[in-house]
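A quick write-up on the structure given underneath.
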Amino acid sequence: MTTLSDASVREQAIGGTDRSMALSAGAGSGKTTVLVRRLINVLRRGTPPRAVAAITFTVKAAGELVERVRDELEDALRGASGDERAQLQRILEALPELTISTIHSFCGELLRHEALEAGWAPRTEVLGEVYAPSAVATAYRAWRRGFDGRHPEAALELLRDVEVAEKTLQKAVMTVLEHRDLGPVLGRAEPPWADAVAQLQPIRRAILDAADGCRAPGTCKLFGKNEVLIAGVRSLDLTAAPAEVCRQAAALPHGNLQGGRGADWPDDGKARFGDGVKALREWSEAARTMAYEPLHRLVIGDVVAEFLPAVAAAKVEAAQVDFQDLLFQTEALLRERPQAAARLSRRFAAILVDEVQDTDPIQSAIVARLARTPGLDGRWDLHPPRPGALFAVGDPQQSIYRFRRADVALWRRLHGLIGGDDAGQASLSQNFRSVPGVVAFVNEAFRDYPGYRRLAAHRARAALEPVVMLVDDASGGDASGGDAEAVALYLKALVEAGAQVTDRESGQLRPARWSDVMVLLPAWTKADAVQAALLARGIPSVVEGGRTFFGRDEIRLCLAVLRAVEEPADGEAVVMVLRGLFGVSMSELAAHRSAGGSWRYTVPDQPPGPARDALEVLAGCYRRRGKASWVTLLDAVLEETGAPAVWSLLPRGPAMLANVDKLRAVVRELEGHVRSGYELLERLDALQREDDEDLPLAGADADVVRITSYFKAKGLEAPIVVLPYANRGASGVTHVVDRDDDALRVKIGPLLPPGWATAEAMEKAAQEEERRRWMYVAATRAREQLVIVTGAKCGLLDADLRHALPGPECADGERVATAPGVTVRVARATGLPAADVDQSTFPGRDEAVDQLLAAPGALADPGPAWRRRRRRAVEASKRASLTWRSVTELSARGRGAAGGRVSRQDTRAGSVIHAVMERLDLMRPASALTAEAERLALRLGADADLDADHIESCRQIAQRLLTHEVLARARRAPEHWKEVPFAYPAEGGVVSGTIDLAFPTDASRRRWVVVDWKSVSPPEGSPNRARYETQLAYYARAIIETITGVAPEDVETVLAGPPPELASDPWEDALAEADEAVHSVLSALSAAGADAPEVGADVGSPVIASNVELAWPARRVALALEHDPAELDAMRKAGWSVFDAADGGALTALAAALEVDLAAEIHAEA
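So in my numbering, spot 772 of the sequence shown is number 1611, and the numbers just go up one at a time.
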């Protein structure tokens, strides 16, 4: 067996659990395996799982770590016996008590554990990386208005004189919010003008001395061009007030140094004059910057004093936090509450942290405080951790998330804190990922990087040449094609030539597949170009990530569906759906409007045509809101239009369908946290503004080339890695973080804080160093072949990789030894085999599609009856599987169950009413509640963009809810549960929902009251009333499932809402919901005085046995359209009378079953 080059360090890291350790782990060195084995050793040496925490960078990594720990323990158990086996069994039984999570989840647990000390409110909602962007935007607008009112002169100066763009100002404010743990460096209230004058004096003397020595001032061009400047310098009165002197000097002309003969300026006077003018320019720029410092101080000071507290107050009121709050509040708890810090410190005997170099610096402070001896205070880096209490692993050479507050300098401080001088030697260098040729190239390329630690290859050579320089000499780096064309040609030739890669499972060589290739980019701007070039040559590919996700056509169309279904008046969304999904032409849209049609699908009697047909589909989805999930509504439109089937034939088809699946997953997750479509769309809009971590689009088995960024490639690897477009401009510096002084310097256009020039230079140097690390991360993803594309623009290669590559003059196919052990093969794009470019819309199917379009009758439309049968079959298959069902879905068995006035209540207004009731402190006196409810209704209604009528309606409904008798009982309760989410297994699936209000009637917590707020309370006996009472039954069961010892008879349910002002007509609702094929039946039964049916009802037990068009559950009577005979037979055996709508005698039989008489003329008409 080959001895590992870092064997002793691995042994120490895994077995030395009695010693804290900071471990540097190079790329591909198996650091996760080391961490897992150390964790298991900690457990096997007697530390209980509840006293151990492992912190990872992502949720995915945490899940994988849990699996690996369990797998290793179970493997050990299979070979163990006696006491060892018993110990392993005890560890596995207690394993759920082990904490393995992200830092944010870990901090949330600590805050809940010390809720009183931390001021952590129960039911606090964690919103993610960015706190409610709409709420922040609202707070910013309020602050901006307030700033203008508090400082009108400064506001005028800011916009008119300084010309700071509003976007620039907002970005600066948001930077202060993001770094609210740091103290902003403010401009000086009184700039040191006297010091500036002192600096000006030698500059003035130098200019005048040189000018006075000019021998030909009347003819010298240099003197003539600067005559006004010289006169201005000469006229400066240095005895005046320093501020005035600086103002006058800063206003002097810039100067022109062109022309003039050196002979006219003795004693090198021309050069001295030029140096003096240049020095004056620099001084003037500094003086102007200094003049803006009071304004900088005023703006940033106001942000700290007004904006930050406003955002914090909004979070407290809403009981919401973001990920940063979790870190800041935990660090503050450990720093400011010594008793709580001591308790938490004693709770954990061992903390293991992965990927330290990429996490927020606050994490270092948190784990260091937890790991040190309880009772010690002072800065987090003042005291080392207890022996064995902290194990931190990371790779400073892979620190590339500076834009997410990561700072490699913090890793170095933590490294030194844990291990002192010895820590510098604790490093893993054995690389298990890459073949020797790739490792040798990486070592050579980064040999000059400060502190670089060389890797040692462990793998044997593979079949592929390890490093290829692909020269883009065909397009010259042209943006329209450029590197993308070269990459497509190279990969096509490589795979078709039968390139061999090593299979990870078997270790044997096999033909390369497209999924063996990963293309890495420094920015997303070229992702579409790369994908287009690959697809054009028949290479399947998917872009995994990027903020362009929401800009893709298929996603824009799906979001338009959601907007159109939520708001019928959104004409832009409706027309986009009609054009993009239903294929309604511009002429057909024009004809629709010319005939008096409206884009608003709720308008009755629309003119016939394709537009009306499409609008009716949207109208049907609109009526199903609140009864079907948003994913179901989206799928209904996609299924009706057949768009996914068409997309699947396009070159980007697999990626388009994967994108839609991703959107479904996002919407499905968001639905559990929102009350209405309005809130759902608001959350989706927020995601578009976030740099959110993307879900992977390609499945594990998908044979596609993955295109992603350097920053999303961490933790990924591939046999073949391609690096095109290695160029990205440096970002401008808008703020600088100083962790040594916990300070933040923020630039607002020309408004700069003191020390900006020095800080900016240091930040640029740090950014440049990180850019070099980008390339290290990208290059070390390759297992067997690294392809580096060189073209006209590839500046990221210059710092490190360029010297390890051959010169651009090398011939195609030439193999060049650039260093000992490093050989690079040159491949020129012009030397690659040409590949056909498929320009067809539907590759391989264009002719068939054209024939179909030319003779559409060749494929007959199966008709609405077929579509209904297909939809019912799909719904039946869904019902047959284990599903996650909301209470709303379970209670809305009939499509018409929520008709009438309740269904027309604006969902946004309903959300506002619930938000008002949630925020009220029900322990306060009734008079105080009334005033607070009115204030909340007005503010929340405005935030939700409700019109004046809806806001007034919310105010009135909230006031009327407060008069309900249940409020008096709630006021006497010992505790309140408000807006409590729940889920429990039942009825062939999982039931989920949110309880509006629940409270125990006394301190014993044996009897409970569950309250459901309603905007309008339906009358007793109505279908809507029955639906709401069904919901309450599910809420009651949630209490029974949650609280030990509570029986069904111990839970009282209350439907609290003002009475309806208008009675709804259930027959109108039924006609609106039912299929046109049964309208005549409905009309006849209505005229005969029958009870109104439920429409599209799911009937049977426990949840669903069959789906019928009309049902009268109380009489166990139903009318079916297309149906499954077996299901209907089962219903009849269960006691139902089921009639077939296609049967000519169905109406008469229905009337008899419902015990009503049909008038002769009505019967004949029907």
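We put the CB at the ideal spot given by N, CA and C, even for glycine.
Exposure label - residue i; buried when at least 16 CB within 10 Å
i	result
E1170	buried
L1692	exposed
T941	buried
S1925	buried
F1550	buried
F1230	buried
A1754	buried
E1005	exposed
R1349	exposed
R1241	buried
T1341	buried
V1067	exposed
A1991	exposed
R1044	exposed
L1328	buried
C1053	buried
S1380	buried
P887	exposed
Delimiting residues of the beta strand (DSSP E) encompassing residue i
i	result
G1233	L1229 to G1233
S1976	S1976 to D1979
R1667	V1661 to R1667
S863	M860 to A864
S1548	V1544 to S1548
L1472	Segment W1469 to T1480 is the alpha helix (DSSP H) holding L1472; no beta strand (DSSP E) there.
W1852	W1847 to W1852
S1380	S1380 to V1382
V1072	Not the beta strand (DSSP E): V1072 falls in the alpha helix (DSSP H), residues E1066 to S1074.
V1890	V1890 to A1895
P991	Taken as a continuous stretch (DSSP letters only), P991 belongs to no beta strand (DSSP E), being part of the alpha helix (DSSP H) at P991 to L995.
DSSP beta-bridge partners of residue i
i	result
N1270	A1296
A1950	E1933 and A1957
A892	T938 and I1190
M1308	I1627 and V1665
A1656	T1662
P1041	DSSP output for P1041 lists no bridge partner at all.
Beta-carbon proximity list for residue i, same chain, < 6 Å, skipping 5 on both sides
i	result
D1220	R1252 and L1256
P1020	A small fix is needed here, since residue 1020 is Asp in this sequence, not Pro. Excluding positions up to five away in sequence, the list reads F1167.
V1575	R1584, A1598 and E1602
E1532	Note that E1532 scores a pLDDT of 45, beneath 50, so its modelled location is shaky; the value from the coordinates is reported in the next line. There are no such residues.
A1399	A1412, M1415 and V1416
D1851	D1835, L1871 and L1894
A1988	F1978
E1283	A1643, A1658 and V1661
H943	F1162 and L1165
Anticipated Cβ contact below 8 Å, residue i with residue j, distance rounded
i	j	result
V1012	V1142	5 Å
A1617	A1552	7 Å
L1570	G1384	Residue identity differs from the one stated: residue 1570 is Ser in this sequence, not Leu. Not confirmed; about 19 Å, so no contact.
L1562	V1277	The Cβ separation is near 12 Å, so there is no contact.
Spatial neighbours of residue i in its chain, beta-carbon cut-off 8 Å, leaving aside the 5 residues before and after
i	result
E911	V875, R876 and I879
K1717	In this prediction, K1717 scores a pLDDT of 48, lower than 50, which makes its location untrustworthy; no coordinate-derived value is stated.
Own chain, CB closer than 7 Å to residue i, minus 5 neighbours either side, in chain order
i	result
L1454	Y1440 and Q1445
E1757	K1817 and E1818
N- and C-terminal bounds of the alpha helix (DSSP H) containing residue i
i	result
S944	I942 to H952
V1576	First-last for V1576: H1574 to D1577, but that is the beta strand (DSSP E), not the alpha helix (DSSP H).
T871	K870 to R883
A1796	For the record, residue 1796 in the displayed sequence is Ile; it is not Ala. Unbroken alpha helix (DSSP H) run through I1796: A1787 to L1800.
R1971	P1964 to K1972
Contact test: residue i Cβ vs the ligand SAM heavy atom, cutoff 8 Å
i	result
R1664	The ligand SAM is absent from the structure shown, which contains no ligand whatsoever.
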